[in-house]
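*Asks:*
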Amino acid sequence: MENVLAEELKELNAQEIKTTTRAVYFEGNKELLYKANLQLRTALNILVPIKTYYVRNEDELYKCVKKIDWSKYISNKDTFSIESVVHSKFFKHSKYVSLKTKDAIADQFRNKFNERPDVNIENPSLKINVHINQEKCTISLDSSGESLHKRGYRKSKNQAPLNEVLAAGIIKHSGWDGKTNFVDAMCGSGTILIEAAMIAANKAPGLIRDKFGFMNWKDFDSVLWQKIKKKSEEKIKDVEIDILGSDINSNTIKITEENLSNAELKDSVKFLTKQFSQSTPPEGSGTLIINPPYGERMKKNDINDFYKMIGDALKANYVGYDAWILTSNKEALKNLGLRPSKKLTLFNGPLEVKLHKYEMYKGSKKAKYT
Ligand SMILES: C[S@@+](CC[C@H](N)C(=O)[O-])C[C@H]1O[C@@H](n2cnc3c(N)ncnc32)[C@H](O)[C@@H]1O
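Just so you know, we're using our numbering here: the sequence shown kicks off at 1171 and counts up by one.
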């Protein structure tokens, strides 16, 4: 997802954009920090690095963390939490890194003020991120707080909802720009549909969320935040294309409906209960993205038949459409009877998944089928 995130940052006029594994660096001012939290669809957390040290053990880490003047960021009445990510032969346990960092901060306050801020995992005044790559340790403030995939529209969920950031990233990868028909005919709780509707409506994904980490910071500028939010709200437009969702399970359709109204996008999407083989897209061309069951709970023959059914339905009903399928079941994809024109590997949490594109051309069907 790093490349699509870098593209989004370019659109926000971020400077010095640099892509690395699982992260994209950029530079900007406070206004950009707020905008990034509000508008980026494919970022999970936006971290503000405050210090980098080179350390080889927990005691060195403790001393370095103690050198930072933490009273610049929190008072002894505030709360904090620490998240550590460690890839190092010198540090084995991220929990121990968090513990030593916490001790250093608590000891600094105790020495100075005889009182220390408490740890609060749920809703801290300051969320601190410690990232250790071999000896390089970067201490950052997490301006997002809770991960940005928590948009605020999902109150109840089905069994296997897709992460919102992954859903938005898949749509970005597909190149769909909100201007042509869009279908998810295995929509479950509607994550892909809702992310698509937000893109079509030009609605920032953070607009329905009421909390971001930076709001608890000492330097929070609420006037600036309100101004940015208002400007972003003014850019929302009516959805004029067809966005269609369906699923075989009527209960998940109810959840989709609920999530869509939480996202204030109910009128932008049509949805129905339908078996995929009977589903038909809006006339003309467009994009279909589905995330079918991976088949963990199905017998091998059944899952092969299931994917064959998907392929047959695509050939019969989706001519003119670009179809994208996300699944962890590489083997099952072979039963579609279609040749992909693009193949991407992504991660759904720790699970490796494939995103394949099938172009359902009119008149050139045979060339595309295996
Ligand atoms: C992995 S879930 C999709 C999750 C969805 N992307 C979300 O974020 O909630 C797969 C969905 O496919 C639906 N499904 C399974 N078989 C189907 C079929 N034959 N026709 C239509 N939908 C089907 C299931 O009901 C389930 O909601």
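Using N, Cα and C, we set each Cβ at its ideal position, and we do this for glycine too.
No experiment lies behind these values; they were computed from the predicted model shown.
From L1203 to A1213, what does the alpha carbon distance come to, in whole angstroms?
*Replies:* Working through the sequence shown from its first residue, we reach residue 1203 at position 33. Working through the sequence shown from its first residue, we reach residue 1213 at position 43. The alpha-carbon atoms of L1203 and A1213 are separated by roughly 12 Å.
*Asks:* In whole angstroms, what is the alpha-carbon distance linking W1346 and I1187?
*Replies:* By one-based count along the sequence shown, residue 1346 stands at place 176. By one-based count along the sequence shown, residue 1187 stands at place 17. Roughly 23 Å separates the two Cα atoms.
*Asks:* Measuring alpha carbon to alpha carbon, tell me which residue in T1457, I1423, E1466 is nearest V1353.
*Replies:* Locating residue 1353 in the sequence shown gives position 183, where the first residue counts as 1. Of T1457, I1423, E1466, the residue nearest in Cα terms is T1457.
*Asks:* Going by DSSP, name the residue or residues bridged to Q1185.
*Replies:* Start at 1 with the first residue of the sequence shown, and residue 1185 comes out as number 15. Paired residue(s): E1197.
*Asks:* Specify the secondary structure class of H1319 as computed by DSSP and reduced to three states.
*Replies:* Translated into positions along the sequence shown, residue 1319 becomes position 149. DSSP places H1319 in coil when its eight states are reduced to three.
*Asks:* If you follow the alpha helix (DSSP H) that L1503 is part of, which residue opens it and which one closes it?
*Replies:* Residue 1503 sits at position 333 when you count from the first residue of the sequence shown. Where L1503 is concerned, the enclosing alpha helix (DSSP H) stretches over 1500-1503.
*Asks:* Measuring only the C-alpha atoms, how far is A1176 from C1307?
*Replies:* The residue given as residue 1176 occupies position 6 in the sequence shown. The residue given as residue 1307 occupies position 137 in the sequence shown. Rounded to the nearest angstrom, the two C-alpha atoms are 23 Å apart.
*Asks:* Can you tell me whether L1458 is helix, strand or coil according to DSSP?
*Replies:* Numbered from 1 along the sequence shown, position 288 holds the residue referred to as residue 1458. Looking at L1458 - three-state DSSP - the assignment turns out to be strand.
*Asks:* Identify, in the order they occur along the chain, each residue of the same chain with its Cβ nearer than 8 Å to the Cβ of K1436, setting aside the five sequence neighbours on each side.
*Replies:* Taking the sequence shown and counting its residues from 1, the one referred to as residue 1436 is at position 266. Closer than 8 Å at Cβ, skipping near neighbours: E1427, L1430.
*Asks:* Rounded to the nearest angstrom, how far is the Cβ of I1369 from that of I1341, given a contact under 8 Å?
*Replies:* Along the sequence shown, read from residue 1 onward, the residue named residue 1369 stands at position 199. Along the sequence shown, read from residue 1 onward, the residue named residue 1341 stands at position 171. Contact holds; Cβ gap of about 6 Å.
*Asks:* Ignore the nearest five residues each way along the sequence and tell me which others in L1318's own chain have a CB closer than 6 Å to its CB.
*Replies:* To locate residue 1318, count along the sequence shown from 1; it is residue 148. A1213, L1214.
*Asks:* By the DSSP assignment, the beta strand (DSSP E) with H1257 in it spans what residues?
*Replies:* Residue numbering aside, residue 1257 sits at position 87 when the sequence shown is read from its first letter. Taken as a continuous stretch (DSSP letters only), the beta strand (DSSP E) holding H1257 covers 1249-1257.
*Asks:* Does ligand 1 have a heavy atom nearer than 7 Å to the CB of N1505?
*Replies:* By one-based count along the sequence shown, residue 1505 stands at place 335. No, the beta carbon of N1505 sits no closer than 7 Å to any heavy atom of ligand 1.
*Asks:* Which word fits V1393, buried or exposed, when buried means at least 16 other C-beta atoms lie within 10 angstroms of its C-beta?
*Replies:* Here residue 1393 refers to the residue found at position 223 of the sequence shown. That one is exposed.
*Asks:* Considering only residues of the stretch 1474-1513, which uninterrupted alpha helix (DSSP H) runs meet the minimum length of 4 residues and lie entirely inside it, listed in chain order?
*Replies:* Listed in chain order, they are 1500-1503.
*Asks:* From S1314 to L1208, what does the alpha carbon distance come to, in whole angstroms?
*Replies:* Position 144 of the sequence shown holds residue 1314. Position 38 of the sequence shown holds residue 1208. Going by the C-alpha atoms only, they are around 9 Å apart.
*Asks:* Leaving aside the five residues before and after H1301 along the sequence, list all residues of the same chain whose C-beta is less than 6 Å from its C-beta, in chain order.
*Replies:* Numbered from 1 along the sequence shown, position 131 holds the residue referred to as residue 1301. V1255, T1308, listed in sequence order.
*Asks:* Would you identify the three-state DSSP class for V1439, choosing helix, strand or coil?
*Replies:* Taking the sequence shown and counting its residues from 1, one reaches residue 1439 at position 269. Of the three classes helix, strand and coil, the one that applies to V1439 here is coil, per DSSP.
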